[in-house]
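A.B. asks:
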Amino acid sequence: MTAHNHTEETTGADRLEYAPAWWAIGAGLAMILAAVLLWPNAREAAEEPRPPAAGPHRPNLALIVIDALRADRIGARRNGQAVMPFLESLRAAGTVYQNVWAPCSWTRPSMSSLFTSLPMETHQVRWSADPDKPDSPSDVLSDAFETWAEYLREFGWHTIGVQTNPNCLPQFGLAQGFENYAFSAEWRADQVTGKALELIGGSERPFFLYAHYMEPHLPYPSSEDARAALGWPPEGIPAPDLDTAQQDFKTYFWAYLRYRYGMASTPPPDFSDARRDAVRLLYDAACLTVDRAVQRLVETVSRQFPDTLFIILADHGEQFWDHELLGHGLSLFEEETRVPLILYGWNTPAGVLESAPVSLLDVLPLTAFRMGLPARQHWMGTVPQLPDRPVFSATRAPWPSWNTDLDMVVFGPWKLIRDNNTRETSLYDLRADPGEKINRSAESEAIVRQGLDLLGKHVEEAIARRQAGREIRPLDDAVKEQLKAIGYLE
Ligand SMILES: [Zn+2]
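Read in order, the letters of the sequence shown are residues 1114 to 1603 in the working numbering.
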């Protein structure tokens, strides 16, 4: 979506310019108000979340996306070492959201939802594009949707993206709104940090930096140091097994999934528990590699630009046989949908563990609220605050031929997954059964009905917003003249 004028947006910009009035209230009162407004638990007491008045600065925003990072890697130990020591340290230094779900279990729809605060059924980014049917699902985020970068750019932020996932190439619509969008699938974590620091270096306006790291994504590249720190090579595994874990896993990965989905009749060669754990070790080493690169980014930016709000999250998780699957995008189990979300830096309360259920759709509204920017009416995310509000996710065909079509809702302790191909439902009690091993559908018909009802309403609302989320594009005079000439305008 391109720049345009709405009354509400002009109002928001004016409010920022009048910021000094806020400080006339007096520093003491301002601090109390800021604490009340910014403290999530205190906010729950208020009926409606109200944006704080704009502060004296417009902070820089650093959105750090770590692809395929499972929420459970923060706090995990291997070989006596923390897998992600830096992110773990932010539990004390920042605000950690403990119950966060990705809106989709693969990159492109999930990132589209994060950037637009709209679910997949609204933006319709999925595989299987049909350009001849304009209203059919597309694999490209339409230019008609306003992205996070476009939104902030309108308020004067300098928008910079550093990207390493080919799912987010500009031709898929995800570079919309970025003044600089540097992309290379070859960059490793340190290079992403280096490129990000280089691009924000000369920034004279507040910046919105989006840095996307790929290490925890197949094939799980990691530094030698990180592997050694976590105990590679593992003891007691024969050399050929280690080779398989390290070099042949990608081949095995596809053979395993094809067999699981009935596309191959021969099962893949047996993969022992020791080999499986070696693969998990490599994933953990990738997590540690990225943790160190993110630490360098956060610490350097914090020194150079103290007024920076860091937002650290993942677009989805990763499966390691948890439900007899691998990778991501084929299921909506917790290992694929639960993601980390950490806020740190500018005006962020330290040491807060936030337990309200959160969707990645909420991150844009949450940060806009924190900065006192106006919310868009079409956003479907909200400032997270209600303890029992439902959170949704979905996945549709990460690869065309696999025809996956799943919807999910988490409500209270319950998680319902509906398979739209078979019409089957699975119901899990996440408190009693966090590993989602026991399907309670058959014995809990009323709860299933409640979940299906929530899903039905959600999809209905998402579809209704397909137009509302789109730009009302003012016609420029040249276009008006052309339309007049062919009889579309008087
Ligand atoms: Zn991804």
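Built from N, CA and C at the ideal position, the CB exists for glycine as well.
Mapping the DSSP letters down to three states, classify alanine 1324 as helix, strand or coil.
C.D. replies: Here alanine 1324 sits in strand by DSSP.
A.B. asks: Can you pull the DSSP bridge partners for tryptophan 1527?
C.D. replies: Paired residues: Phe1524, Asp1542.
A.B. asks: Can you tell me whether threonine 1220 sits near ligand 1, meaning its C-beta is under 8 Å from at least one heavy atom of the ligand?
C.D. replies: yes
A.B. asks: Three-state secondary structure (DSSP) at glutamate 1234?
C.D. replies: Looking at glutamate 1234 - three-state DSSP - the assignment turns out to be helix.
A.B. asks: Which residues in the same chain have their Cβ closer than 7 Å to the Cβ of glutamine 1194, if we skip the five residues on either side of it in sequence?
C.D. replies: Ala1342, Leu1343
A.B. asks: Using the beta-carbon count (16 or more within 10 Å), is leucine 1401 buried or exposed?
C.D. replies: With 16 or more other Cβ atoms inside 10 Å of its own Cβ, leucine 1401 counts as buried.
A.B. asks: If I follow the unbroken alpha helix (DSSP H) through glutamate 1537, where does it start and stop?
C.D. replies: Segment: none, glutamate 1537 is in no alpha helix (DSSP H) and carries neither H nor E.
A.B. asks: Alanine 1399: beta carbon under 8 Å from a heavy atom of ligand 1?
C.D. replies: no
A.B. asks: Is asparagine 1278 close to ligand 1? I mean its beta-carbon at under 8 Å from any heavy atom of the ligand.
C.D. replies: Correct: asparagine 1278 has its Cβ closer than 8 Å to ligand 1.
A.B. asks: Candidates Thr1517, Ala1298, Glu1467: which alpha carbon is nearest proline 1283's?
C.D. replies: Ala1298
A.B. asks: Output the residue ranges of the alpha helix (DSSP H) runs that lie fully inside the region 1253-1326 and measure 4 residues or longer, sorted by chain position.
C.D. replies: 1261-1267, 1302-1314
A.B. asks: Which of the three DSSP states, helix, strand or coil, is assigned to serine 1336?
C.D. replies: coil
A.B. asks: Does the Cβ of glycine 1485 have 16 or more other Cβ atoms within 10 Å, making it buried, or fewer, making it exposed?
C.D. replies: buried
A.B. asks: Below 8 Å, can you find three or more Cβ-Cβ pairs linking the region 1290-1307 to the region 1320-1334?
C.D. replies: yes
A.B. asks: Please list, in chain order, all residues of the same chain as phenylalanine 1433 whose beta carbon is under 6 Å from its beta carbon, the five residues on each side excluded.
C.D. replies: Excluding positions up to five away in sequence, the list reads Arg1393.
A.B. asks: Between threonine 1535 and leucine 1529, what straight-line distance do the alpha-carbon atoms span, to the nearest angstrom?
C.D. replies: Spanning the alpha carbons of threonine 1535 and leucine 1529 requires a straight line of approximately 15 Å.
A.B. asks: Which same chain residues end up closer than 7 Å to isoleucine 1687 when comparing Cβ atoms and leaving out the 5 residues on each side of it in sequence?
C.D. replies: Outside the displayed span of the chain (1114 to 1603) sits residue 1687, for which this structure offers no information.
A.B. asks: Give me the residue from Ala1309, Phe1258, Glu1259 with the minimum Cα distance to glutamine 1276.
C.D. replies: Taking each of Ala1309, Phe1258, Glu1259 in turn and checking the Cα distance to glutamine 1276, the smallest one comes out for Ala1309.
A.B. asks: For threonine 1461, which of helix, strand or coil comes out of DSSP?
C.D. replies: coil
A.B. asks: Cα-Cα, which of Ala1481, Thr1379, Asp1518 is closest to tryptophan 1219?
C.D. replies: Asp1518
A.B. asks: Give a yes or no on whether the C-beta atoms belonging to phenylalanine 1418 and tyrosine 1457 are separated by under 9 Å.
C.D. replies: no
A.B. asks: What residue range does the alpha helix (DSSP H) around alanine 1352 cover?
C.D. replies: 1352-1356
A.B. asks: Identify which residue in Leu1322, Phe1482, Asp1475 has its Cα closest to the Cα of leucine 1227.
C.D. replies: Asp1475
A.B. asks: Quick one, are the C-beta atoms of glycine 1375 and proline 1319 less than 9 Å apart?
C.D. replies: no
A.B. asks: Please look up how many angstroms separate the CB atoms of threonine 1421 and alanine 1206, rounded, as I've assumed it's under 8 Å.
C.D. replies: Threonine 1421 to alanine 1206, Cβ: 13 Å. No contact.
A.B. asks: Examine chain D for any beta-carbon lying closer than 9 Å to the beta-carbon of leucine 1443, and answer yes or no.
C.D. replies: Considering every chain present, this structure includes no chain D. It has just one protein chain.
A.B. asks: Is it the case that the Cβ atoms of arginine 1509 and methionine 1224 are separated by a distance below 9 Å?
C.D. replies: Taking 9 Å as the cut-off, the beta carbon of arginine 1509 is found no closer than this to the beta carbon of methionine 1224.
A.B. asks: How is the beta strand (DSSP E) around arginine 1171 delimited, first residue to last?
C.D. replies: Neither: arginine 1171 is in no beta strand (DSSP E) and is coded neither H nor E.
A.B. asks: Compute the Euclidean distance between the alpha carbons of arginine 1204 and threonine 1379, then round it to the nearest angstrom.
C.D. replies: It is roughly 46 Å from the alpha-carbon of arginine 1204 to the alpha-carbon of threonine 1379.
A.B. asks: Rounded to whole angstroms, what's the CA-CA distance from lysine 1550 to glycine 1525? Just pull it up for me.
C.D. replies: 18 Å
A.B. asks: Could you check where the alpha helix (DSSP H) with phenylalanine 1362 kicks off and where it finishes?
C.D. replies: 1362-1373
A.B. asks: Which whole-angstrom value describes the C-beta separation of alanine 1184 and arginine 1451, a residue pair presumed to lie in contact below a C-beta threshold of 8 Å?
C.D. replies: 4 Å
A.B. asks: DSSP has glycine 1440 in a bridge; who is on the other side?
C.D. replies: Gln1432
A.B. asks: From the DSSP output, which residues share a beta bridge with proline 1518?
C.D. replies: A small correction: the amino acid at residue 1518 is aspartate; proline does not occupy that position in the sequence shown. Answer by DSSP bridge pairing, in chain order: Arg1509.
A.B. asks: Can you tell me the Cβ-Cβ gap for leucine 1477 and serine 1230, rounded? I've got them flagged as a contact below 8 Å.
C.D. replies: Indeed, because the Cβ distance is near 5 Å, the residues count as touching under 8 Å.
A.B. asks: Mapping DSSP to helix, strand and coil, what is glutamine 1194?
C.D. replies: In the displayed model, glutamine 1194 falls within a strand according to three-state DSSP.
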